[in-house]
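**Q**
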Amino acid sequence: MIQIREICGFGSGDGAINDIYTSAGFISYGIEPTKSLYDLSLKKYSIDNIMNLTVEEAEFEENSFDLIHFWHVIEHLKNPFLVLDKIFYWLKPGGILNIGTPNASILDNYVGKFSKNYSIGYYHTFIFSKNNLDIALKKAGFDVTYHTIYPSSGLKRFGKTLGSKI
-11 MIQIREICGF
-1 GSGDGAINDI
9 YTSAGFISYG
19 IEPTKSLYDL
29 SLKKYSIDNI
39 MNLTVEEAEF
49 EENSFDLIHF
59 WHVIEHLKNP
69 FLVLDKIFYW
79 LKPGGILNIG
89 TPNASILDNY
99 VGKFSKNYSI
109 GYYHTFIFSK
119 NNLDIALKKA
129 GFDVTYHTIY
139 PSSGLKRFGK
149 TLGSKI
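Its first residue numbered -11, the sequence shown is counted upward by one per residue in my numbering.
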C-alpha cells in the first residue's frame, strides 16, 4: 500500500478539508472553482496550495498525488469521463481516489416513487449509479476496491418535506 504524503482535494470549498490535511502533516492542494469559497478559504486558513480553477482547467504532472479527494464534484462536470482520465494520470501508481456522488439508483427508486417531476437540477449534469460509476472508473484505468452506499441527508430532508405535504 502507498504511503500517503501528497493530497489534492477537488471542490475544496472553504478550505477546511485542506486545513485538516495540512495540520495532519500532509502536503495538501485544493481546487475550488467558486470564487467566493476560494476567497473564504484564503481568509480562514493560511494554505498556499488552494487554486481558483475548475478541475477541467487544472494541470498537474503525471503521478503527482497519493490521494485525490473528489467528493460531490463529478456530478457537476460537463465531461466527467475526460476528468476521470486526467485524475488517473495525476494519481501515483497505487494511489487512492476517494470519490463521492449521489447514487442515481437510490434517487430513481425512492424519489421517483413520490414525484414524477423530480429533477436533478441544472447544476447536476450527470448522476451516476454504482454500476455506471464502476464502468467509468475502470475505463479510466482505476481498480475499484471499495464501495459504500449511505443515505443522503438531503434525501432524508426531501422525504420529510414530501411526507409533510401528503
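Even glycine gets a Cβ: it sits at the ideal position worked out from N, Cα and C.
In this text the structure is predicted, and so the values were computed from the model without any measurement.
Leaving out five residues on either side along the sequence, give the residues of the same chain with a beta carbon under 6 Å from the beta carbon of Asn51.
**A** For Asn51, same chain residues with a beta-carbon under 6 Å away, outside a window of 5 residues either side, are Lys80 in chain order.
**Q** Note down, in chain order, each residue of its chain lying with its Cβ closer than 6 Å to the Cβ of Asn97, except the 5 sequence neighbours on either side.
**A** Note on Asn97: pLDDT 48, under 50, position unreliable in the model; the coordinate value appears next. For Asn97, where only same-chain residues beyond five positions count, there are no Cβ hits under 6 Å.
**Q** Leaving out the 5 sequence neighbours to the left and right, which residues in its chain are closer than 7 Å to Phe159 when beta-carbon positions are compared?
**A** Limits of the chain in this structure are -11 at one end and 154 at the other, which puts residue 159 out of reach.
**Q** Taking 7 Å as the cut-off, decide whether the C-beta atoms of Phe53 and Glu(-6) are in contact.
**A** The answer is yes: Cβ separation under 7 Å.
**Q** For a minimum of 3 consecutive residues, which ranges assigned as the beta strand (DSSP E) are wholly contained in the segment 12 to 84?
**A** 15 to 19, 53 to 59
**Q** Starting from Ile(-8), follow the beta strand (DSSP E) in both directions and report where the run begins and ends.
**A** For Ile(-8), no beta strand (DSSP E) run applies, since DSSP gives it neither H nor E.
**Q** If we count the other Cβ atoms within 10 Å of its Cβ and call it buried at 16 or more, is Tyr134 buried or exposed?
**A** exposed
**Q** Use the C-beta contact count for Ala12: other C-beta atoms within 10 angstroms, 16 or more gives buried, fewer gives exposed.
**A** exposed
**Q** Smallest Cα separation from Leu72: which of Gly18, Tyr26, Val43?
**A** Val43
**Q** What does a CB cutoff of less than 8 Å around Leu30 pick up in its chain, not counting 5 residues either side in sequence?
**A** Gly3, Ile38
**Q** Kindly indicate which three-state DSSP category Ile115 falls into: helix, strand or coil?
**A** In the structure shown, the three-state DSSP call for Ile115 is coil.
**Q** Buried or exposed for Ser34, please, with buried defined as at least 16 other CB atoms from any protein chain shown within 10 angstroms of its CB.
**A** Taking all protein chains in view, the Cβ of Ser34 is surrounded by fewer than 16 other Cβ atoms within 10 Å, so the residue is classified as exposed.
**Q** Whole-angstrom Cβ separation of His60 and Gly88, contact assumed at under 8 Å?
**A** 6 Å
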